[in-house]
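Under this note's numbering, read the sequence shown as residues 289 to 540, first letter to last.
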Amino acid sequence: MITVRGLHKSYGVAPLFEGLSFQVERGEAVVLIGPSGSGKSTILRCINGLETFDRGEITVAGIELHSINTKRPSREDAERIRKVRLKLGMVFQQFNLFPHMTVLQNVTEAPVRVLGMGRTDAEAEARGFLRQINLEGKADSYPAQLSGGEQQRVAIARALAMRPEAMLFDEPTSSLDPEMAGEVLSVIRRLVAEGMTTMIATHEMGFAREAAGRVIVFDKGAIIETGPPSQIFTSPKVPRTREFLNRVLGRF
Ligand SMILES: Nc1ncnc2c1ncn2[C@@H]1O[C@H](COP(=O)(O)OP(=O)(O)O)[C@@H](O)[C@H]1O
Ligand SMILES: [Mg+2]
């Protein structure tokens, strides 16, 4: 579903990725862990066409992104980026809801404007998504009237309303207190259980352990280890994985 092959990317003169490669199969739930600054956000942003890269290629559902310039893309590249973004839902640490729109309008805006859905259909569908995340009663509220956890769940519903083939989450719970984080994680857990292809960068090791089909450990722009959570969290093979888990979990 998602293939990254030989990716090179620098920020200015500082190289970040120097030949990064991995694959995510359809239906897989891949959790990205690793120290701050190791490249987790950047790879998600490259996959979604939000970030340029220098060499290599990324394929999303058969659509290839080359070393494109997202600042000034050619018409063909712009079209590829547009197609890739239609395949992917992305949820960030900051919820980025439209503040002047109600919850229902936030969820129906893109399906109506981008997919050309009729408003009545879009609203009926949106109410279904809101029911799934236990926010049916908040359809007419504005984002500022919701808690952080509720806003993040609306952000997820808004992404799902575009019928993505995969969902990318970049630290979706980092700005939430533990209780709200739990509510958001249980929504993600259900998506994973339903077979949605997901990539999740997170510091929530408990969640990674329980929900991930596979864990990818990043360090300094490289994958240092990958494996099922049962292995990564109990018997990491690479010393730097141990050091990282030791720091965040106080083990090993
Ligand atoms: N816009 C940017 N300009 C320059 N350097 C950046 C930019 N974004 C990220 N970086 C650098 O790239 C590296 C990886 O960052 P990031 O992908 O955000 O890591 P993570 O999400 O794992 O914390 C870091 O060294 C960071 O400083
Ligand atoms: Mg990050």
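We put the CB at the ideal spot given by N, CA and C, even for glycine. Computed from a predicted structure; not experimentally measured.
query: With 16 as the cutoff for other CB atoms within 10 Å, does Ile375 come out buried or exposed?; result: For the sequence presented, residue 375 should be read as Lys rather than Ile. Its Cβ being crowded by 16 or more others within 10 Å, Lys375 is buried.
query: Got a sec? Which residues, its chain only, sit under 8 Å from Ile421 by beta carbon, not counting five neighbours each side?; result: Arg441, Val442, Ile444, Ala445 and Val475
query: Taking the beta carbon of Pro387 as the centre, do at least 16 other beta carbons fall within 10 Å, making it buried, or is it exposed?; result: exposed
query: Using a Cβ distance threshold of 8 Å, determine whether the stretch 398-405 contacts the stretch 419-436, with at least three qualifying pairs required.; result: no
query: Quick one, are the C-beta atoms of His354 and Glu345 less than 8 Å apart?; result: yes
query: Would you report the Cα separation of Ser429 and Thr461, rounded to the nearest angstrom?; result: 22 Å
query: Just list the alpha helix (DSSP H) runs in the stretch 315-361, keeping only unbroken ones of 4 residues or longer that don't cross its boundaries, in chain order.; result: 328-335
query: Let me make sure I understand the geometry here. Which of Thr347, Phe380 and Leu338 has the alpha-carbon closest to that of Pro361?; result: Leu338
query: Quick check on the DSSP output: the alpha helix (DSSP H) that includes Ser518 runs from which residue to which?; result: Pro517 to Ile520
query: Can you check whether the CB of Phe506 is closer than 8 Å to the CB of Ser326?; result: yes
query: Let me know if Gly437 comes out buried or exposed under the rule of 16 or more other beta-carbons within 10 Å of its beta-carbon.; result: buried
query: Would you say Phe506 touches ligand 1, meaning its beta carbon is less than 7 Å from a heavy atom?; result: yes
query: Apart from the five residues on each side of it in sequence, which residues of its chain come closer than 7 Å, Cβ to Cβ, to Lys508?; result: Ser326
query: Where Glu313 and Val391 are concerned, what is the direct C-alpha to C-alpha distance, given to the nearest angstrom?; result: 32 Å
query: Would you say Thr408 touches ligand 1, meaning its beta carbon is less than 7 Å from a heavy atom?; result: no
query: Once DSSP output is grouped into helix, strand and coil, what is the label at Pro399?; result: helix
query: Taking 7 Å as the line, does the beta carbon of Ala489 fall inside it for any heavy atom of ligand 1?; result: yes
query: Taking DSSP's pairing of strands, which residues face Met378 in a bridge?; result: Leu456
query: Sorted by chain position, which residues of the same chain lie with C-beta nearer than 6 Å to Arg497's C-beta, five sequence neighbours on each side aside?; result: Pro517 and Phe521
query: Helix, strand or coil for Leu434? Go by DSSP, reduced to three states.; result: coil
query: Excluding the 5 residues preceding and the 5 following Phe380 in the sequence, name in chain order all residues of the same chain whose CB lies nearer than 7 Å to its CB.; result: Asp458
query: Closer than 7 Å to a non-hydrogen atom of ligand 1 - does that hold for the CB of Thr486?; result: no
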